[in-house]
Every structure is written in C-alpha cells, then in structure tokens.
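Residue numbers (this note's numbering), protein chains in the order written: chain A, 1 to 406; chain B, 1001 to 1406; chain C, 2001 to 2406.
Only one structure is covered here, and it is reproduced in the block below.
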Amino acid sequence: MKHRSILGFLVWFVALLLLPRGAAAQAKLPYTPVVTPNGSTLPFTMKDGVKEFHLTAEPVKREFAPGMIVNAWGYNGSTPGPTIEAVEGDRVRIFVTNKLPERTSVHWHGILLPNGMDGVAGLNQPHVEPGETYAYEFTLKQNGVYMYHPHSDEMVQMAMGMSGFFVIHPKVPEQPKVDRHFVVMLGEWFVEPGTATPNPNIMTDFNLFTFNSRVFPGTDPWVVKKGERVRFTFGNLTMDSHPMHVHGYTFEEVSTDGGRVPVSARRPETTVNVPVGSTRTVEMVANVEGDWAFHCHKSHHTMNAMSHDVPNMIGVKQPAALEDKVKAILPGYMAMGETGMGNMMEMGRPKNTLPMMAGDGPFGAVEMGGMFTILKVRAGITSYADPGWYKNPEGTLAKKVPAPKP
Amino acid sequence: MKHRSILGFLVWFVALLLLPRGAAAQAKLPYTPVVTPNGSTLPFTMKDGVKEFHLTAEPVKREFAPGMIVNAWGYNGSTPGPTIEAVEGDRVRIFVTNKLPERTSVHWHGILLPNGMDGVAGLNQPHVEPGETYAYEFTLKQNGVYMYHPHSDEMVQMAMGMSGFFVIHPKVPEQPKVDRHFVVMLGEWFVEPGTATPNPNIMTDFNLFTFNSRVFPGTDPWVVKKGERVRFTFGNLTMDSHPMHVHGYTFEEVSTDGGRVPVSARRPETTVNVPVGSTRTVEMVANVEGDWAFHCHKSHHTMNAMSHDVPNMIGVKQPAALEDKVKAILPGYMAMGETGMGNMMEMGRPKNTLPMMAGDGPFGAVEMGGMFTILKVRAGITSYADPGWYKNPEGTLAKKVPAPKP
Amino acid sequence: MKHRSILGFLVWFVALLLLPRGAAAQAKLPYTPVVTPNGSTLPFTMKDGVKEFHLTAEPVKREFAPGMIVNAWGYNGSTPGPTIEAVEGDRVRIFVTNKLPERTSVHWHGILLPNGMDGVAGLNQPHVEPGETYAYEFTLKQNGVYMYHPHSDEMVQMAMGMSGFFVIHPKVPEQPKVDRHFVVMLGEWFVEPGTATPNPNIMTDFNLFTFNSRVFPGTDPWVVKKGERVRFTFGNLTMDSHPMHVHGYTFEEVSTDGGRVPVSARRPETTVNVPVGSTRTVEMVANVEGDWAFHCHKSHHTMNAMSHDVPNMIGVKQPAALEDKVKAILPGYMAMGETGMGNMMEMGRPKNTLPMMAGDGPFGAVEMGGMFTILKVRAGITSYADPGWYKNPEGTLAKKVPAPKP
Ligand SMILES: [Cu+2]
Ligand SMILES: [Cu+2]
Ligand SMILES: [Cu+2]
C-alpha cells in the first residue's frame, strides 16, 4: 500500500494547491474523512507544500450532557481537541500555542518521527511556557489512527481533558473501501457532585466516563446505512481498560496505534478491550438493521456520578421504590456524622449534576449514562441525521405473555 | 461447519420429539454437554419444533462456601443462573418471569438476533415489571459460548449475581473432539463482613471473588482424565479483568463471545486475561497428572473478605505470629476512633464471614480463598468424582534438605 | 528448534565442566545473557551434570531512588531476586533457604514440571518454615522467559517484593539473533509517605510503581546500539495491567510465559498491555537514534507517592504557581480535622519520600516518576554505559516560534 500512481498524486497535489485556505481547503479530499461524534476536524492550510495546523491548548467549558458543564482543559475550545487528518507522505507543521495557566507540550502518540519532535518536555524539548508557541514539523511515514496529548504535567493535563486524534490516511486507499469511520476518545473524570472542575488527583474512583467528553444521553447516535463497511476507533488515555461492546454484531480488530493487524492475526469479538495508551480500530459490515446499544461493558462506566457512596438499600424496607433511589441520596457511606449534601440539592440532586442513569427510549427509560450510545443501522436513509427509533418488523419483538403455569 | 447430513438431522430431530418432557429430554443429546461446576444446566422442552426454556429472575440464597450464605439475585434459585445449551440452527423460545422486587430484562450477550429480541429495556423492549413474563424467540445462527444477563438497572442486577451461560453447540461436532468443557462465571462482590447482602454501589473495592458464585474452599475441583482434550470458558460481567492462570500447562485461546479464533491467530499462554464483557475459551490436552492450582492471578482475588482494612503489621513486634494475623483484626485503617467490629465477632471474626484464606491440602494449609480451585488430572479414573489427593511418584517432590554451608 | 548437533552439545558441555565454579562459570555461555536493569543474574555451579542455584528468601533494604529506602522482602539481598538463566534441556536443582520471619515456598511460574515441584504450599509440598531449606529439581523442557515467586501467603509476599525472572534459552539459538534483551519486573507498592515498610493489604490504591523495584529517576537508562535487534520482557505479579509504551517505535509481541507467539499471530503495537500473572516479550530493531521515553501509560504510574490525597487546587487562586503544588501538600482530602503530616515534613515533604515527579533532562525537568525510563539508541557507541543526552541534528527539534497572528 505504499505506492500510488505518480500521475494521481500530482493531480491531487495540484488540486490542493489551487484550493483556497481554511475549511474550504478540505472540500475535495483524497480520502473519506473520519467522523468525530460530538467533535470536529481541524482545518489545515498548505504552505510551501507543508500542511499547517494550529492547536491552542486552553481551558474550555464542556457540556457533558444537557444540565452539566465542566471546567475542562482542551484544544481550540474543545475536549477532546479537534481531529487532525492528513495523508501518508505528507509533511506537516503543527503550531502549538499555550493559553493554559501552566506549561505544556504535545506528544504525537504512535507517530514515527525525529526524536526532537517527540514532545516529552524536559527530555526532547523545552516545556512550552504559557503564552509561547512551538512548531513541530515532520513527514508522515505510516498510516493509521494515532493520538496527541501533553507530555508535561501529563497526569493533570490528560485528566483535565487534553487529547485528540491524529488520523493518517493511506496513500493508496484500502480495499475494500471503508464507508464510515468513527473516532471516539474515551475519558474518565472525577467531578465532585455539585461542582464543575475535575479533580486530577483521583487515581481509581472516577465518577464520569465519556465518549469524546460527552455522557449519555448527551452522546450523538452513530448512524450508518445498512450494508456499509464501518470502522470504530477508540483511543484511551485514562487509567483503566474500557471494554467496548457492540450489540447484534461481531467485529474484528483491524489496527492499533502500532499499525495494521495482519489478517492472519485477526479474531472475532463482540467487545474490544481498549488498553490504556492505545488505539483500537474495529471493523464490521452493518448488515442488520436496528437500534443497537454500543457501550463500555464495565457497568459503573455506563452510569453518571453519585452512585458510589450511596448507602446500600438492597433488601431494606424503604418508603420509596428502588427505582426512586436516585432521589433518595443520603449523606454517604463513610460520612460519620456529616450533614450531607442537602444545601447543594436542587430537585433531589446537587447542582450541575446529572442523574445516574437517564435517556428515554421508544419503550421507556433506558437507565444508562456515561459511555453509552446507540448505533442506528438503517436501510434506505439518504443522510446521517438521526433517523428516529427503529420500527421492529412483525414478530421480532420480545413480548409480554401470560405467566407460566406453576 | 454449517452443514450436517439431512438424514442425521431427521433422525436426531425425531428422536427428540419422541423423548418425554423435562430433564429426561436431555438424555440423548447430539452434543457433549458442558460442565457448570457448582451449577446446573437448564432443562428444555420441545414445542412445535421450538426449544422452550424457562427462566425466573428472583432473589436467591447462595452459599459461597460452608459458613457463609449471601442474599443474592439470580435465576431459577441459583447464581449464576442455569446454563442454557442448544444447537446451531435451533429455534429457541425463552420465557422470562420476573419475581424480583424491581423490573428487569434479559440481554443475550453475543448472540446474533433481531433487534427487538436484544433485551435492552427502554431501547429494544419494555421493562419486564415484577410479576410479568416475557417471551424471547429467535433462531441460533452461530455457535460458541455466550452469556445472558439483565439490561435494566444492570449495574445493580449484575452485582447481585444475575448472569448465566448460553452455550450453542455446532451443528457438526468439532474435530478433534473436546472431551470435557467447563464453564465458569467470574464474580466480584462486596459483602460487608458480618452481613449477608452485597452492596452493588461498590465500584473498585470488592472483597469476594467467585467462580460460579462460590469461593475456595467451596469451589468444586475440576476433574479430568489424563489425555483428555479439555476446554475452560470463563465469562466476565464484573468491573475488572481477571487473569486466569493454570499451573503445569500452557493452553491456547480458541474462542471468544465473538466466535472462533482462527488457528493462525492463536498463541500459547499460561494465563488468559478475561476482559469484562467477554467470554474466553481456552483449550489444552491434559497430559500431565497432578493436582494443579487454577486461579485468578490477582493475589487479592484469591483471598476472602476482611483483608483490605487490616492495619499493616509487617515488621511490627506483636504477640501473635504473622500467620495468626487473621485473628488479630483491629478496627481498621481509617476508623478514626470507631470502636471496631468487636460486637460482631465470633471466634475472632464476624458472623457469616469466611477466613481470608483457607483450605486444607495434603501438605498443610493451602492459604487461599476466592477465585481458586484445583484441576485434578488422573490416569485410570472411571468417574469424575473427586479422586482425592495426587500421589507424587518417587523423586518428583520438592524436599527438605540440610541448610547450605555458609 | 528442539535439536542441536550432538557434537556442538558435547563441546559446550565439556567446556562447562572444565570451567571453575561460581560467577566465573558463566564466562563463556552458549547464549547471550539477558540484561536485568538495576538487577543481577544468579550464578550457578555444575554438580554431576545438574545446574545448581541457591536462593535465599529474606528481608532486604531496597533503594527505590536516591532519597528513599524501602523495607522489602526479596531473594539474595535484592528485589526482584536475581535472574535465573539456563538452557532448554538443562537439569536444574534450586535450593531455597527461608530467612523470612514467616514460612514461604517457590512456584516456578510457566515452567512445565512434575506436580510435586510446582511449589503451591499445602497442595504440592509442605510450607518451607523459617530456617529450612528445600531443594527443587527438574529438567527444562521448553524455552522462554518465566518467573519465580512465593505460593505461601502469596498476597503478602509478592506485595513485599518477592519475585524474579527465570530465563530458559533455546538449545538452538534463534534466527535472527537477538542482540540485547532486557527483563523488567513491574511492581506496585503502598508505602505511606514518611514510612519505609510497604503495606501489603492495599488492593487498589498503590502509590509507588516500579521497574525492577526502582522508580524514575532511579531507573537505569536502557542503552542499545543503533541497528540492534532488541527484546524487552515485562513480568507482572501486581494487581493491575500495565500498558508499557515505547516512543518513536513500534514493536511486536514475540512471546508470553506460555511460549512463542507464531509469526502469523503477531501484530504491531506501540504499547504492550502486560496482564497480571504473565510475561510479555516484545521485539524491535533499534534503527532510529534518540532518547526515547519508555514507560507505563497509566499516568499515575509515572508519578511517585503523595499525589492521591492532595486537595484539588485546579482553578483555585493560590500564592504558589501550579508547578509548586508538590510543596503545597496539605493534610489531605478526607482528613476531617487531622493535623496533617507537618511533623514528618522536611523541606516540604515527609522523610524517606520522593517528590511526585522528578528527573532532570537536557531541556529541563522531566516531571516523571515511577515506571519511567529512557531508551537510549545511539550509533557509534562501543559500550552500554550511559552515553549522555542525545544531540538532535539540525532542523529536527521542536522550536519556539513567534505567536501566530490572531
Ligand atoms: Cu469503561
Ligand atoms: Cu481476578
Ligand atoms: Cu502501570
């Protein structure tokens, strides 16, 4: 896959040079751009044959879902930062401006480049101090889905939301063609209920788990047409593996942040366990219609905050039914006399805090949060706008029946 | 593997129809049933060519090991629920009756089926309210080891023990034949010492780790005959990966809940790290006799409760020897003036609470708990009853020798 | 790979017999010894055709990095214990003397041997009581990188540092030849700041993460010559997976503690997620010069102690800048009136406690700790001594530029 016809390359290259600067430059790309759900792609400009990108590291306000806004850190106003897309063989120049209250740097995770462009502050370059701009420049010698993130006070900066994807498309498009490719950065956060700023010192007891820094029901559905070849790339810069599970399908892992998985090494899965410090790209053909759950299979990661210090009411007689337990929050398990969160309460829960589980489906409450969304596979759609709920054909829906005879 | 002779199929099908209903119907099966240690298989009946199964979701009392009974939730009186077994190509109808105090649903994890049978309450079907019965019906288009579990308040319901295996045997038996296949559901629980009801709000600090909802020494030994081809399937619906380690052997992973691992993709291991939301099936030929430890390799997962808040006595002069530390439980590390668990104590530990490590072996205390059992490989046995302890041939036992000269 | 010429074997065997006892016996080995950074290799002697090794289990003082000494347990004065090296086909006899304050045993993790040599105390042999010596003897039927560790009170003993590598070289050397092979045991510890003894009861909230029981900046750099074929083996007997990430390269996993990964099953990675209870061996050709970070990608695992209970100061106005936060340690998040660690403080932190992040690089502070080191790849070096910092060729270093126009 390392060659393309010289003629084809020239045509494309000249076409690029003729294009206007900015987002318009991406109008006719020699690749199908990836989809960053709830996110965006970083525009580029061409300068002397080099693709130039600009990243600004800065504090951002991120709505995790309607009703909750988090004081995060990111790039260009968002967390995760915008997705960088380029083509194998490109020379890229990336300007990084630091508008954070502390110094930073950017590491290009998985990308093969000169040691001085690797971004480990102190080791490979000076720290980028607040107000400074650094330029990184290298030629892309590989293709795949990689990541960018800080390598300066990285525990804090990654916990605050600083990361993004770096997609390098192959020079020669792959066969069979991939119709749709979603890139999803996994996130773990601790935001004390009633507050808005993540605590980056938390190592294990996170309380919010995100897809591109959004939680269900704030996550966009992933819409595909029946029959399309679909890829999903998950990036993980958290503290835990996240087992990403698709319903109704099996998929195969086709690449990592180290490159392509040879066909002989592939294996079918319904869940890809994405390790920390890695990307995992899975592929499937969307040949069965429906509204399919797609989520992390760690059950606490599909819940929003507030669950972990709730007293254990299982088997305890209580006036409210079990499904009202969200509203029944008490001071907490280890509180030893604290007076609780009463003064932060608003409608039964603290301000700027989501219910543990939420989302309305066609058959009632979905009772999920966090790392959960819906893969919507439809025949006959002409756009990727949300097609609404799936209509089950006659006889294909679980149904209520009379109780069995004892 | 998708075809079998029409004649063979008819013979088997007619034979099935002629069999009486209930357990007896499983007397002559066209497959070798799996073994569910400390568990059971769900009987089925045939109705109009459809295999019918009945599951009742309900609270259950589960003895984890002699001396400890847990107030869990399960199916048909047990946790995990009974193992469903069927054959690729079968049409199955599964009735689910809800006798829990809250609503539920069942998701058929890994099984390819119509969207309306997938079991995500709210999204794919209504919740099954207490007292209601729902019918799921679909045709099995694949083979392998899958799982069933709730998809309604699933964090709570799975933490309470609700799960089971769904084994689909291939239409055409595999070659080489598998002689013995164990299916083991991994579990994580938090049961406060001195109590009996799990706390489903715990996310990381579990204190009991189970094989089919039993802890060592309450786990059955896994007995096989020397030379048999053996499979072990582990299912994981907990919050952590569990690295299942065999002593004395290497094995290969041959399938996941996504299907068969191609031979070209297999690799030898002594430990299969079972991710959350997955099954892992490993295979080996049992060609070396002995009593081989088989356990999770996370060392706290082979201990029972009470260990985690024990003050650190290492290097502290104390009247009791280190091995007596279990009896020396003090109020705990973060107790700040609490008066401890004294009033719950009985013989040095709380009621309904197991020792941290236990089990007697032929050479003394085994000092294990939790996710631990013994794989007993024997030549010349004619049943799978516990054959007792292995007798080491002359010269094959580690032995005490004089101290080396300094 | 199971045959070697009989003549070659005889020449080597006779040569071995003619060698003097002790370390000198290892002067002319039929294999390239592995490198145990910050560690050592266990000498052997030949006796009647058997390779004899001596291990003494005992308390050890281990300097994790200058400024911190830990009261650990190990073998022969060190943690991890010295690396055992032998050759496939060898018969080995290993004497284990117990100088710990409690009983122990040794399990030879991954090694195929008679049941009575497997080392699970109580099950496969008696416990080795303090003062006793046991002899283990078996013939090596495989090759690869294995481990040894206790199987008696193993949760405590492994948490205290007891483990080591057992390398079995193939009879017929592999092609292509491996030039350099590093073996690194991963460790997790909880040492309360201001103290020196690990707390083995901790299950999840560890605060020190080690390579061969050292933390950065106490970890030796891993030095290789440009063009060498290099292997890294990581062993994991902790409670968590550790995703080991190399910068500037991709590698392939070539073996586990179950044996060789077939070429058809290999896949490129930049991060190998090492599961608990396993070894993972990765291979790459060191063809790009530089000082490349090599570390666990869990961000808290590249920090030293003291970080986890620090109050969250993000966004809070404070007199000291963010980078001074290490010095600003306050009593802790859950302290509820405790008077803090003031009396243990010395220059802003407790005695015998390392800064959270440290290390000076050529461009300033590296801001790392724990499981972090530097892979130094150099052309033209003639020894593996630290070659100093890499000099970046003109035009290959990220550089400060003027701020972009708004
Ligand atoms: Cu997750
Ligand atoms: Cu486990
Ligand atoms: Cu780690």
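For every residue, glycine included, the Cβ atom is placed at its ideal position computed from N, Cα and C.
For clarity, every value in this text was computed on a predicted model and none was experimentally measured.
Using DSSP with H/G/I as helix, E/B as strand and the rest coil, what is Gly1395 of chain B? coil
If you measure from the beta carbon of Tyr134 of chain A to each beta carbon in chain C, is any gap under 7 angstroms? yes
Do you know how far the Cα of Arg2229 of chain C is from the Cα of Gln2175 of chain C? 11 angstroms
For Val2401 of chain C and Glu132 of chain A, what's the separation of their Cα atoms in angstroms? 8 angstroms
Rounded C-beta distance between Val120 of chain A and Ala2398 of chain C? I'm assuming under 8 angstroms. Wrong, their Cβ atoms sit about 10 angstroms apart, outside the cutoff.
Touch check for the stretch 255-275 of chain A and the stretch 1265-1279 of chain B: three-plus C-beta pairs under 8 angstroms? yes
If you check the beta carbons only, do His301 of chain A and Phe211 of chain A fall under 7 angstroms apart? no
Verify the CB distance criterion: does Gln125 of chain A have a CB-CB separation below 7 angstroms to chain C? yes
Under the three-state reduction of DSSP, which class applies to Met1160 of chain B: helix, strand or coil? coil
Which partner residues of Ser2040 of chain C appear in the DSSP bridge assignment? According to DSSP, Ser2040 of chain C bridges with nothing at all.
For Ser299 of chain A, which of helix, strand or coil comes out of DSSP? helix
Any chain C beta carbon closer than 7 angstroms to Asn115 of chain A: yes
Is His301 of chain A near ligand 1, judged by its Cβ being under 6 angstroms from some heavy atom? yes
CB of His2242 of chain C to nearest heavy atom of ligand 3: below 6 angstroms? yes
Excluding sequence positions up to five away, which residues of its chain have a Cβ less than 8 angstroms from the Cβ of Phe251 of chain A? Phe232, Pro268, Glu269, Thr270, Val272, Val282, Glu283, Met284
Within 10 Å of its beta-carbon, does Trp2389 of chain C have 16 or more other beta-carbons around it, so buried, or fewer, so exposed? exposed
Secondary structure at Asp1369 of chain B, three-state DSSP: helix, strand or coil? Before going further, note that residue 1369 of chain B is Gly rather than Asp in the sequence given. If DSSP states are grouped into helix, strand and coil, Gly1369 of chain B belongs with coil.
Should Thr270 of chain A be flagged as near chain B, meaning a C-beta pair shorter than 7 angstroms? yes
Assign Pro319 of chain A to one of two classes, buried (16 or more other C-beta atoms within 10 Å of its C-beta) or exposed (fewer than that). Interpretation of Pro319 of chain A is limited by its pLDDT of 34, a score under 50 that renders its predicted location unreliable; no figure is taken from the coordinates.
Alpha carbons only, please: which of C:Pro2126, C:Val2145, C:Ala2072, C:Val2288 is nearest the one belonging to Val2156 of chain C? C:Ala2072
Under 8 angstroms by Cβ, that's how I've got Pro2065 of chain C and Arg2214 of chain C pegged, so tell me the actual separation to the nearest angstrom. According to the sequence displayed, residue 2065 of chain C carries Ala and not Pro. Right, their Cβ atoms sit about 6 angstroms apart.
Endpoints, the beta strand (DSSP E) within which Gly1122 of chain B is located: That residue, Gly1122 of chain B, is in no beta strand (DSSP E); it is neither H nor E in DSSP.
Between the C-alpha atoms of Tyr2146 of chain C and Lys2298 of chain C, what's the straight-line distance to the nearest angstrom? 25 angstroms
Give me, in chain order, the residues of the same chain whose beta-carbon lies closer than 8 angstroms to that of Arg2103 of chain C; leave out the 5 immediate sequence neighbours on both sides. Ala2121, His2127, Val2128, Glu2129, Pro2130, Ser2152, Asp2153
Compare the Cα-Cα distances from Val2183 of chain C to each of C:Pro2217, C:Arg2280, C:Ile2069 and report the closest residue. C:Arg2280
Could you work out which residues of chain C lie near Phe1294 of chain B, taking near to mean beta carbons separated by less than 8 angstroms? Result: empty, since nearest Cβ-Cβ is about 11 angstroms, beyond 8 angstroms.
Would you check whether ligand 3 has a heavy atom nearer than 6 angstroms to the C-beta of Lys2298 of chain C? yes
Tell me whether Met2371 of chain C counts as near ligand 3, meaning its Cβ is closer than 6 angstroms to at least one heavy atom of that ligand. yes
Cα separation between Tyr1075 of chain B and Asn1038 of chain B? 15 angstroms
Proximal residues of chain C, C-beta to C-beta of Gly122 of chain A below 9 angstroms: Gly2359, Asp2360, Gly2361, Pro2362, Phe2363, Gly2364, Ala2365, Val2366, Glu2367, Met2368
Select from A:Ile69, A:Ile374, A:Thr41 the residue whose C-alpha is nearest the C-alpha of Pro193 of chain A. A:Ile69
How far does the beta strand (DSSP E) with Leu1055 of chain B in it extend, from its first residue to its last? 1050-1065
In DSSP terms, what Lys2376 of chain C is bridged to: C:Val2223, C:Asp2291
Can you confirm whether Leu1208 of chain B, when its beta carbon is compared against all beta carbons of chain C, has any partner nearer than 7 angstroms? no
Looking at the structure shown, is Ser1255 of chain B part of a helix, part of a strand, or coil, going by DSSP? strand
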